[in-house]
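Note that our numbering has the sequence shown beginning at 6, numbered continuously upward.
Backbone N, C-alpha and C fix where the C-beta goes; we use that ideal spot for every residue, glycine too.
Below is one structure; the comments refer to it alone.
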Amino acid sequence: MLSEKGKYASATENRRFVWAEIIWPLILELNDVSFTLKQFQDKRDKICQQYNISINIPSRGLASLQQKGILLKEGTLYSIHYKLIPYMRLRAECDYATAIREVRLK
Numbered sequence: 006m007l008s009e010k011g012k013y014a015s016a017t018e019n020r021r022f023v024w025a026e027i028i029w030p031l032i033l034e035l036n037d038v039s040f041t042l043k044q045f046q047d048k049r050d051k052i053c054q055q056y057n058i059s060i061n062i063p064s065r066g067l068a069s070l071q072q073k074g075i076l077l078k079e080g081t082l083y084s085i086h087y088k089l090i091p092y093m094r095l096r097a098e099c100d101y102a103t104a105i106r107e108v109r110l111k
């Protein structure tokens, strides 16, 4: 399926999937702006098993979210961009489109 799409479409799809299924639910579950690599891996493994997909897709999505500036990495700790913190505090739905728009606003 992904091979039929272009490189950029696949990368965007990976980011959207990882954000919607792993990162944002993990942030709300922890009720914290940051998570460890181990917490991500545990959540990733559950989601990969649930959707019967390879762990490569979420791994590429995580790296891509860092490149876009939505996630920041310091050692083994990842945190969301500071402009997304109000969404977390309100426990509001924050899809990928909202996240990327908030991060890009100046």
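In this structure, the straight-line span from the alpha carbon of I52 to that of Y13 is close to 23 angstroms. Annotation: N61 to L35 spans about 24 angstroms, alpha carbon to alpha carbon. From the listed residues V38, I27, L33, F22, the smallest Cα separation to E79 is found for V38. Per DSSP, reduced to three states, the secondary structure at I60 is coil, with no helix or strand assignment. In the three-state reduction of the DSSP assignment, I85 falls in the strand class, which pools E and B.
Between I32 and M93 a beta carbon distance of about 6 angstroms is seen, short of the 8 angstroms cut, so the two are scored as contacting.
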